[in-house]
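Step one of this worksheet: look at the structure below.
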Amino acid sequence: MNIIHVSAECYPVAKVGGLADVVGALPKYQNNSEVSSQVIMPFYDVKFTKENTFTSVFKSKLSLGDSTYKFNILKLEKDVLDFDVFFVDVPNLLFKDYVYSSDDTNRFLAFQIATLDWMLTWKTLPDIIHCHDHHTGLIPFMLQESYKYEPFRKIPNILTIHNAQYQGWFSHNNVNLIPTFNFDHVGLLDWGGNINPLAAAIKCAWRVTTVSPSYMEELKTAANGLESLLSDESAKCSGILNGIDWNVWNPETDNYIIKNYNQKTIVTGKKANKKELCDRFNLDINKPLFAFIGRLVEEKGSDLFPETFKIALKNPNISILLLGSGNKDVENQLETLKEEYKGQYNAFIGYDEKLSHIIYAGADFLLMPSRVEPCGLNQMYALRYGTIPIVRSIGGLKDTVTDISEENGFGICHDNVTVLEMTNAIERGIALYKNQTKFKKTRIQIMKIDHSWDASAKQYINLYNSIN
Ligand code: ADP
Ligand code: GLC
Numbered sequence: 035m036n037i038i039h040v041s042a043e044c045y046p047v048a049k050v051g052g053l054a055d056v057v058g059a060l061p062k063y064q065n066n067s068e069v070s071s072q073v074i075m076p077f078y079d080v081k082f083t084k085e086n087t088f089t090s091v092f093k094s095k096l097s098l099g100d101s102t103y104k105f106n107i108l109k110l111e112k113d114v115l116d117f118d119v120f121f122v123d124v125p126n127l128l129f130k131d132y133v134y135s136s137d138d139t140n141r142f143l144a145f146q147i148a149t150l151d152w153m154l155t156w157k158t159l160p161d162i163i164h165c166h167d168h169h170t171g172l173i174p175f176m177l178q179e180s181y182k183y184e185p186f187r188k189i190p191n192i193l194t195i196h197n198a199q200y201q202g203w204f205s206h207n208n209v210n211l212i213p214t215f216n217f218d219h220v221g222l223l224d225w226g227g228n229i230n231p232l233a234a235a236i237k238c239a240w241r242v243t244t245v246s247p248s249y250m251e252e253l254k255t256a257a258n259g260l261e262s263l264l265s266d267e268s269a270k271c272s273g274i275l276n277g278i279d280w281n282v283w284n285p286e287t288d289n290y291i292i293k294n295y296n297q298k299t300i301v302t303g304k305k306a307n308k309k310e311l312c313d314r315f316n317l318d319i320n321k322p323l324f325a326f327i328g329r330l331v332e333e334k335g336s337d338l339f340p341e342t343f344k345i346a347l348k349n350p351n352i353s354i355l356l357l358g359s360g361n362k363d364v365e366n367q368l369e370t371l372k373e374e375y376k377g378q379y380n381a382f383i384g385y386d387e388k389l390s391h392i393i394y395a396g397a398d399f400l401l402m403p404s405r406v407e408p409c410g411l412n413q414m415y416a417l418r419y420g421t422i423p424i425v426r427s428i429g430g431l432k433d434t435v436t437d438i439s440e441e442n443g444f445g446i447c448h449d450n451v452t453v454l455e456m457t458n459a460i461e462r463g464i465a466l467y468k469n470q471t472k473f474k475k476t477r478i479q480i481m482k483i484d485h486s487w488d489a490s491a492k493q494y495i496n497l498y499n500s501i502n
């Protein structure tokens with residue numbers, strides 16, 4: 035079976051968030067003697083593309099409305115990844131030093147059209163096209179409706195929704211950007227008066243998955259306007275929990291961290307990593323360290339951090355460290371707090387892959403007070419590194435973290451995203467830290483939890499088989 039994943043992100047080539055981690059791991063776990071899983075993604079002007087060399091495997095021109103763009107399909111010269119990745123190079127549109135920006139409509143449409151135009155030249159068609167998020171959401175529509183892609187009508191295709199908050203909306207005035215199709219079916223593109231690529235994909239894809247079972251349920255009542263559509267289409271929808279890349283996120287072999295460790299060496303291992311963080315960020319190694327890593331957006335509850343931290347930091351016996359970027363106002367407030375709570379709080383505003391690994395390894399607790407969390411990978415990384423997650427029970431967080439008060443529980447859970455509930459959860463963390471016997475036992479317990487991709491990768495294969 036030949037599976038093609040089409041995605042805007044893929045680790046380690048280009049990463050903004052968890053989408054990259056998933057697309058950079060799932061193909062590895064799908065590839066075996068019977069399955070070949072490959073990725074097609076845009077060619078961006080980023081570190082990875084600067085550091086590697088590529089050869090062109092196909093050259094052509096694509097039409098986007100009245101404009102014509104040259105494009106190239108590139109392949110890595112050396113096999114530096116564990117699976118094949120093909121890059122769509124549209125120099126004037128995609129080759130930028132960012133993944134997302136305000137010109138995404140044209141950029142990702144060009145990406146999708148170039149991908150399908152290239153596929154038209156293939157001798158053997160793929161068995162499955164697996165699209166990820168709205169950036170590839172017009173593919174199921176074009177496969178079904180665009181005249182030029184008539185040969186693709188029978189290719190089974192899947193949409194995975196990593197985040198329904200973002201839908202890629204654009205105006206019907208730009209409908210001519212989409213390769214010509216039977217205009218009687220224009221309604222398939224529409225949701226609420228706009229062209230909505232995510233909605234179009236939900237309508238046209240053969241199957242729709244989300245990245246956790248709970249998120250699938252939640253979408254029926256909270257999907258940023260797509261609730262009724264998801265309820266109507268529920269027969270073809272299912273939730274498959276993400277896994278994590280067991281090799282990349284392994285404290286025993288992780289090259290980014292200061293000292294490697296396993297369940298037996300957790301005490302010294304975590305201590306060395308915590309020391310690195312405390313030295314670098316001027317924090318006290320003897321106090322429990324609460325950390326956050328992520329995008330500073332409303333979905334993650336980060337707008338409540340400044341107030342929550344001010345209250346939590348009244349207790350002189352805790353430290354807080356944050357790594358993230360996003361909303362400028364929140365960033366500024368979090369920067370300002372640094373002066374006020376020197377020695378107790380610090381933040382790195384920006385993106386730093388290496389630092390994130392050291393934080394997963396060195397922190398005692400990881401905060402995830404998300405308002406929306408389709409799956410969440412951070413909590414699973416935290417578990418693997420023996421860092422206790424403090425989460426709001428929603429989406430994938432609900433499916434992966436059990437409160438410590440319950441049988442076999444190990445994390446700290448709260449129901450709502452409020453300053454009060456967040457500070458209470460931190461208080462519960464402090465109490466757990468004081469009980470060092472229970473704290474240490476829990477750290478070992480969570481390192482044993484298996485969230486590798488094996489089980490979920492099989493679920494995807496079963497789904498492909500059901501429509502192939
Ligand atoms: P989302 O995709 O919604 O941002 P996930 O929990 O699925 O959330 O995945 C986030 C991924 O991005 C994780 O690998 C996390 O470590 C990483 N990440 C987020 N922000 C940063 C940052 N500022 N620096 C380094 N890594 C980050
Ligand atoms: C999205 C979601 C996140 C999920 C990730 C990977 O970015 O916000 O919860 O873990 O995709 O599926």
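Every letter in the sequence shown is one number past the one before it in my numbering, and letter 305, counting from 1, is 339. Here a beta-carbon is modelled for each residue, glycine too, at the ideal position from N, C-alpha and C. Treat the numbers as computed from the prediction; the structure is a model and nothing was measured.
Beta-carbon spacing of residue i, residue j below 8 Å
i	j	result
His164	Ile192	yes
Glu111	Phe82	no
Ile147	Leu108	no
Ala381	Leu356	yes
Met75	Val56	no
His391	Arg426	no
Asp437	Ile446	yes
Ala395	Ile291	yes
Cys238	Phe175	yes
Ile274	Tyr494	yes
Pro231	Gln199	no
Val245	Cys44	no
Leu126	Tyr103	The question names Leu, but residue 126 in the sequence shown is Asn. Yes, they are a contact pair.
Leu338	Val209	no
Tyr249	Gly52	no
Ala346	Thr457	yes
Ile236	Leu264	yes
Thr214	Ser41	no
Pro247	Asp118	no
Inter-residue Cα distance where the pair is residue i and residue j
i	j	result
Ser268	Ala233	13 Å
Ser71	Lys344	48 Å
Gln479	Phe444	8 Å
Gly358	Leu222	37 Å
Leu371	Lys321	19 Å
Ser180	Ala59	31 Å
Asn106	Leu400	42 Å
Val133	Phe145	12 Å
Gly277	Val242	18 Å
Ala257	Trp225	13 Å
Val435	Ile460	16 Å
Met414	Lys472	20 Å
His39	Lys305	40 Å
Asn284	Ala491	19 Å
Lys468	Asp266	50 Å
Gly328	Asp279	18 Å
Lys298	Glu286	11 Å
Ile352	Asp313	16 Å
Gly463	Asn316	21 Å
Residue(s) in a DSSP beta bridge with residue i
i	result
His448	Arg426
Cys165	Val40, Leu193
Ser90	Leu108
Pro76	Val122
Arg241	Ile192
Asn208	Partner(s): none; Asn208 has no beta bridge.
Ser67	Note: Ser67 sits in no beta bridge, so no partner.
Asp224	Ile229
Short CB-CB distance (under 8 Å) between residue i and chain C
i	result
Asn216	The structure shown has no chain C; it contains just one protein chain.
Status (buried if at least 16 other CB within 10 Å, exposed otherwise) for residue i
i	result
Asp123	buried
Trp487	buried
Thr155	exposed
Asn450	exposed
Asn36	exposed
Asn412	buried
Asn496	exposed
Phe217	exposed
Ala489	exposed
Pro423	buried
Arg405	buried
Ala54	buried
Requested in this report: Could you name each continuous alpha helix (DSSP H) segment of 4 residues or more that falls completely within the stretch 353-429, going from the start of the chain to the end?
Outcome: 362-374, 387-396, 412-418
Query raised in the report: Which residue spans inside the stretch 94-153 form an unbroken beta strand (DSSP E) run of at least 3?
Result: 101-110, 119-123
**Report entry** Complete runs of the beta strand (DSSP E) confined to the stretch 261-329 [at least 3 residues]
**Finding:** 271-273
**Report entry** Every unbroken beta strand (DSSP E) inside the stretch 437-494 [3 residues or more]
**Finding:** 446-448
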